Amino acid sequence: MKQLTNMNVQIVSDKLAGGQAGFNVFQQAIANGAKVLGLATGSTPVTIYEQLVASDLDFSQLTSVNLDEYVGLNADHPQSYHYFMQHHLFNQKPFANSYVPDGSNLDATAATHEYDQIIAENPIDLQLLGLGQNGHIGFNEPGTDPKSTTHKVALTSSTIAANARFFDDADEVPRYAYSMGIGSILQAKQILIVAYGEAKAAAVAAMIQGPVTPDVPASYLQTHPNVHVILDEAAASQLH
Ligand code: GLP
Numbered sequence: 755m756k757q758l759t760n761m762n763v764q765i766v767s768d769k770l771a772g773g774q775a776g777f778n779v780f781q782q783a784i785a786n787g788a789k790v791l792g793l794a795t796g797s798t799p800v801t802i803y804e805q806l807v808a809s810d811l812d813f814s815q816l817t818s819v820n821l822d823e824y825v826g827l828n829a830d831h832p833q834s835y836h837y838f839m840q841h842h843l844f845n846q847k848p849f850a851n852s853y854v855p856d857g858s859n860l861d862a863t864a865a866t867h868e869y870d871q872i873i874a875e876n877p878i879d880l881q882l883l884g885l886g887q888n889g890h891i892g893f894n895e896p897g898t899d900p901k902s903t904t905h906k907v908a909l910t911s912s913t914i915a916a917n918a919r920f921f922d923d924a925d926e927v928p929r930y931a932y933s934m935g936i937g938s939i940l941q942a943k944q945i946l947i948v949a950y951g952e953a954k955a956a957a958v959a960a961m962i963q964g965p966v967t968p969d970v971p972a973s974y975l976q977t978h979p980n981v982h983v984i985l986d987e988a989a990a991s992q993l994h
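Under my numbering, the first residue of the sequence shown carries the number 755, and numbering increases by one thereafter.
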């Protein structure tokens with residue numbers, strides 16, 4: 755485990771080993787009394803969810819709060835983050851309560867206020883994050899206010915392009931999302947961020963060793979006291 759800035763950086767051989775390492779962080783947090791888990795979508799967390807599903811951990815007394823959701827997709831849309839979470843975790847391991855922003859509510863003020871209230875009532879003990887190639891966390895794109903709470907986001911063209919692989923056609927990728935803000939994420943007691951692959955290497959280096967700047971939303975994690983980073987060799991390749 756390398757100590758770079760304030761972050762504990764753990765380098766693993768591959769996604770499978772990353773799943774085990776991430777599982778260990780969850781298991782430890784729950785053993786230490788974590789009651790609210792902040793969860794994430796994307797391909798990166800999948801191996802962690804596989805380990806959680808295969809384990810004997812019981813979430814029936816815990817609460818989950820997800821980072822983000824596309825605006826305009828109902829919970830039963832196969833590309834909605836609601837659907838993703840049901841499929842990868844909640845069907846197999848139900849929580850007492852699971853919250854995901856309500857993408858079907860087109861009233862952004864109501865939807866985001868409601869979600870901030872949920873987070874305030876359920877302070878997050880451990881927040882899992884993936885990392886966008888441009889350094890985004892959740893859907894907080896470069897330029898996002900570091901104090902931001904839940905808000906409606908216009909997705910950047912690079913994020914739309916990166917997520918197009920999950921849709922039949924790039925035109926079907928939603929253009930907006932509701933996302934917890936950087937400020938919401940930084941309120942979590944502990945943060946686990948995971949990144950794999952060469953395409954994430956520049957964002958990883960900027961997150962850990964670059965300046966803290968709105969240009970790289972993940973760089974604000976340098977200001978948090980308890981961040982665990984899991985990387986494979988390719989994602990770690992631009993660290994020095
Ligand atoms: C999306 C999600 C992020 C995720 C990112 C990376 O933009 N909103 O939460 O971290 O994609 O996804 P992947 O893990 O598939 O690389």
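For glycine and all other residues, C-beta sits at the position ideal for the given N, C-alpha and C.
Note that the structure is a prediction, hence the values are computed from the model and not measured.
Residue pairing by DSSP places Ile947 opposite Leu883 and Val983 in a beta bridge. Relative to ligand 1, Gly796 has its C-beta within less than 7 Å of a heavy atom. In this structure, the beta-carbon distance from Met839 to Val854 falls below 8 Å. Linking Gln805 to Pro965 through their CA atoms gives a straight-line distance of about 34 Å.
Listed in chain order, the beta strand (DSSP E) elements of length 3 or more contained wholly in the segment 858-909 are 880-883 and 905-908. For Val779, no beta strand (DSSP E) segment is defined; the enclosing uninterrupted segment is the alpha helix (DSSP H) at Lys769 to Ala785. Excluding sequence positions up to five before and after Phe921, its CB lies within less than 8 Å of the CB of Gln833 and Val927, all in the same chain and listed in chain order. About 5 Å separates the CB atoms of Phe813 and Lys847; that is less than 8 Å, so the two are in contact.
When rounded, the separation of the alpha-carbon atoms in Met934 and Asn859 is 16 Å. Going by DSSP, Leu791 is part of the beta strand (DSSP E) stretching over Val790 to Leu793.
Met961 is not a Cβ neighbour of Leu882, given a cutoff of 8 Å.
In the structure shown, the three-state DSSP call for Asp830 is coil.
Look at the beta carbons and you see the segment 759-774 touching the segment 974-989: at least three pairs across the two are nearer than 8 Å. The beta carbon of Tyr974 sits closer than 7 Å to those of Pro900, Ile936, Leu940 and Val966, all from its chain and outside the five residues before and after it, given in chain order. A straight line joining the alpha-carbon of Ile784 with that of Asn778 spans about 10 Å.
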